[in-house]
Amino acid sequence: MATIADIGLAAAINLLTAFAFLVAFAVLRLQPVNDRVYFSKWYLKGSRSSPTHAGTFGQKFVNFNWRSYLRFLEWIPAALKMPEPELIDHAGLDSAVFLRIYLIGLKIFIPIAVLAFGVLVPVNWTSTELEDSKSLEYSDIDKLSISNVSSGSQRFWAHVVMAYAFTFWTCYVLNKEYDIVASMRLHFLASVKRRPDQFTVLVRNVPPDPDESVDELVEHFFLVNHRDHYLTHQVVYNANTLAKLVEEKKKMVNWLDFYQLRYERNPSQRPTCKTGFLGLWGDKVDAIEYYTSKIDKLSDKEAAEREKIVKMPKFVMPAAFVSFRTRWGAAVCAQTQQTRNPTLWLTEWAPEPRDVYWHNLAIPFVSITVRRLIVAVAFFFLIFFFTIPVAFVQSLANIEGIEKVAPFLKPLIEVPVIKSFIQGFLPGIALKIFLILLPTILMIMSKFEGLVSLSSLQRRAASKYYLFLIVNVFLVSIIAGTAMQQLRSFIHQSATEIPKTIGVSIPQKASFFISFIMADGWAGIAGEILRLKSLIIFHLKNFFLVKTEKDREEAMDPGSIEFSTSEPQIQLYFLLGLVYSAVTPFLLPFILVFFALAYVVFRHQIINVYNQEYESAAAFWPDVHGRIITALIISQLLLFGLLSTKKAVDSTPFLIALPILTIWFHRYCKNRYEPAFVRYPLQEAMMKDTLEHAREPNLNLKAYLSNAYLHPVFKDDEENEDILASDDEKDCDSVLVPTKRQSRRNTPIPSKHGRSSPPSDVDVPLRL
């Protein structure tokens, strides 16, 4: 069981590690050769040039200006200097609002920490419950917790009052932030430049028709039902096979460039390679000729696949991106039901083109429900089986458990420094290692569910990750750790005393979570700014593969913030802070260090490094709010359970109202603010349309939108782009809607003639 000395040693190790990372970053960022890694965003914006292009040979690699090393911490005030409106223009609303999550942590927990240390710590420390008990094991940290208050004591009123204070303050901060972010989102949508998704709706589950193709059916339906606003559309093609061929060809081209570069450096010797797996075995051949022939074969396959997609109806999915003349028209279509049957012609706002996850557009809509059921079952078993490694991690935090399993290690483990290292540092590191592969698994599950945008994939994976952290990292850690720590007490006491033992023991897991916070939230965040992995990969690519400026840009690809992992990890700290604020306040300073350090680090990364791959206008904020509310309710229920085991019959009933008030507050925020994140006000759409029409009366919107949602694999091929794009020559203002349907002309339903009577060769016009 970790003591304050153990935590102190772990804090020293993590602080030294974090300091080493920060110093290494401060030195490496000053070297000209690393400039593209630590300021990649400015290069992508075209506002920064490489310092390696000037100076002597040595100055291209090393910064010899010793004065710059004296200012190695200047990046901190520089990161905090940029005001929020400028940050939104520079990095987008998603990035700016993501940073506000860290600010919320500071706003919530600084006053809570002051109150907790001013009221609860003295109340807990001056009690004597643990000293009077001879059966329970405890440390100095536990004396600062609620475990040290005697059963039935009137001192529990202090915890009840503080629980109300913490809840009201948290709700006040959340309400203010929800209001601010909702206003920021509406202002951003009103002021952002014209984008294709503002005019476009994704239509899914287009019903099959024997008389018309999907392309003709979509045009017919919207010319009839949205005749004053429909502009153009792009049907969705199943181009997944073609995309794989294009990606494979790109890899072959990269290898060809690599070997050609080698040959240019040494023309006296032709490069060779082996044809087997990963080039480890097989026949040795001329590398340039080999990859040239592979590229030629892939080009032929690619051309054949393109032709199949263009000519064969089976590659057309029952979905389309439909664009309108105005934002108002798109808003009406996206937010209304199109037909009597609510399962057909389903409409939703289209993601912006760079946010579309094209692979999932080829998934039939009817299979999505089955896919989500499969994922739910698989996720349940993932959580269930992951309890094994989590329980193993808990055993590392228990010296007695290790000595029972491996008694020969006892002399080594009992050395004070090693014992402090095992109990204060090792559990947090071990748990972080076990969680490395989890985000990848959860993202694969989310993709299998059939979501059609990268932002929705990130949010769905984040929801899974958060649930996993609650169950396995939080609840299982408490239960498993409690059982291991108090095993002797469970065995030698009566059954009626076990609930009391659990109630006393749960706060004792604070030392484990403190260890995890330091390993993940201190050293881990400092390691984030160093970008050691990205630095190594960039220099390897730059040395072996880069020969053009475009190659160099690809090599320095900075990536973006992984919302699916970063946000749930932040929420875990909210959960720990709220749960232990009234139970073991000693944990709160460690939480505050995390939020402060993470805010500075990620602000620097967002300004200088990350290039967000999509913009959802902070659509994730309702999820953030809901998870903090969930953490608040869990903390209230846990405190209620603890006080119940402590026989605080006078004060415990007063906690019943807290979860009820919190749920009511959540419902209020959901009704008051969430519509701004799921719907677009028609008034705002009309205002923006009117303003744009006044400023650009001759805007050719159809040309702007015609190819915006064409599959990326077709955009590099002008011929196929012309074939697949909507025909600009069609006159959508005509009062006659040409159709080949032999059934009713206005609503798409199966033809009564079916296959027995082929479609007429003459189009039948429909007068509107």
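Note that our numbering gives residue 817 to position 648 of the sequence shown, counting from 1, and the numbers run on in steps of one.
Beta carbons are placed, not taken as given, at the ideal position from N, Cα and C, and that holds for glycine.
{"Query": "Among Arg363, Leu185 and Met421, which residue has its Cα nearest to the Cα of Ala877?", "Result": "Arg363"}
{"Query": "Apart from the five residues on each side of it in sequence, which residues of its chain come closer than 6 Å, Cβ to Cβ, to Phe555?", "Result": "Asn641"}
{"Query": "Pick out whichever of Asp258, Tyr873 and Tyr333 has its Cα sitting closest to the Cα of Pro365.", "Result": "Tyr873"}
{"Query": "Can we say the segment 272-284 touches the segment 746-765, given the rule of at least three CB pairs closer than 8 Å?", "Result": "yes"}
{"Query": "Less than 8 Å between the beta carbons of Leu827 and Tyr238, yes or no?", "Result": "no"}
{"Query": "What residue from Tyr399, Lys702 and Leu604 has the CA that sits closest to Ser492's CA?", "Result": "Tyr399"}
{"Query": "Would Asp792 and Ala631 be called neighbours here (beta carbons separated by less than 8 Å)?", "Result": "yes"}
{"Query": "Can you tell me the Cβ-Cβ gap for His794 and Tyr347, rounded? I've got them flagged as a contact below 8 Å.", "Result": "6 Å"}
{"Query": "According to DSSP, is Arg373 helix, strand or coil?", "Result": "strand"}
{"Query": "Quick check: the segment 513-520 against the segment 411-430, are at least 3 beta-carbon pairs closer than 8 Å?", "Result": "no"}
{"Query": "Tell me whether Asp175 is buried or exposed, calling it buried when 16 or more other Cβ atoms sit within 10 Å of its Cβ.", "Result": "buried"}
{"Query": "Along the chain, where does the alpha helix (DSSP H) that runs through Ala412 open and close?", "Result": "Asn409 to Arg434"}
{"Query": "Give me the Cβ distance between Leu414 and Lys470, rounded to the nearest whole Å; I'm assuming they're in contact under 8 Å.", "Result": "6 Å"}
{"Query": "Whose CA, out of Glu417, Leu358, Gly321 and Leu756, lies closest to the CA of Ile281?", "Result": "Leu756"}
{"Query": "Is the beta carbon of Tyr749 less than 8 Å from the beta carbon of Ala679?", "Result": "yes"}
{"Query": "Three-state secondary structure (DSSP) at Asp380?", "Result": "coil"}
{"Query": "Cβ atoms of Phe637 and Val544: under 8 Å apart, would you say?", "Result": "no"}
{"Query": "Suppose contacts are defined by Cβ-Cβ distances below 8 Å. Is Val752 in contact with Pro676 by that definition?", "Result": "yes"}
{"Query": "Would the C-beta of His773 count as close to the ligand NAD, meaning under 7 Å from any of its heavy atoms?", "Result": "Among the components of this structure there are no ligands whatsoever, and the ligand NAD is therefore not found."}
{"Query": "For Asn183, count neighbouring C-beta atoms within 10 Å of its own C-beta (all shown protein chains included) and say buried if the count is 16 or more, exposed if not.", "Result": "buried"}
{"Query": "Span of the alpha helix (DSSP H) holding Lys443?", "Result": "Run containing Lys443: none in the alpha helix (DSSP H); it sits in the beta strand (DSSP E), Thr441 to Lys443."}
{"Query": "So, is Ala247 buried or exposed, given that buried needs 16 or more other C-beta atoms within 10 angstroms?", "Result": "exposed"}
{"Query": "Which residues does DSSP list as the beta-bridge partners of Arg210?", "Result": "Reading the sequence as shown, one finds Lys at residue 210 and not Arg. Its beta-bridge partners do not exist; DSSP assigns none."}
{"Query": "Could you pull the DSSP bridge partners for His402 from this structure?", "Result": "Val491"}
{"Query": "Starting from Glu784, trace the alpha helix (DSSP H) in both directions and tell me its first and last residue.", "Result": "No alpha helix (DSSP H) contains Glu784, which DSSP labels as neither H nor E."}
{"Query": "So, with DSSP's three-state summary, where would you put Thr799?", "Result": "helix"}
{"Query": "For Leu827, which three-state DSSP category applies?", "Result": "helix"}
{"Query": "Would Tyr634 and Thr734 be called neighbours here (beta carbons separated by less than 8 Å)?", "Result": "yes"}
{"Query": "Are Ser615 and Leu623 close, meaning C-beta to C-beta below 8 Å?", "Result": "no"}
{"Query": "Need the endpoints of the beta strand (DSSP E) that Leu515 sits in, please.", "Result": "Leu515 to Trp518"}
{"Query": "Quick check: the segment 854-866 against the segment 373-380, are there 3 or more CB pairs under 8 Å?", "Result": "no"}
{"Query": "Using 8 Å for Cβ pairs, my map puts His395 next to Gly261. What's the rounded Cβ distance?", "Result": "At roughly 31 Å, the Cβ-Cβ gap does not stay under 8 Å, so His395 and Gly261 are not in contact."}
{"Query": "Under 8 Å, do Trp244 and Arg198 count as touching if we go by C-beta distance?", "Result": "yes"}
{"Query": "What residue range does the alpha helix (DSSP H) around Val192 cover?", "Result": "Ile173 to Leu197"}
{"Query": "Measuring alpha carbon to alpha carbon, tell me which of Phe446, Asn510, Met353 and Phe846 ends up nearest Asp258.", "Result": "Met353"}
{"Query": "By how many angstroms is the C-alpha of Leu358 removed from the C-alpha of Pro866?", "Result": "21 Å"}
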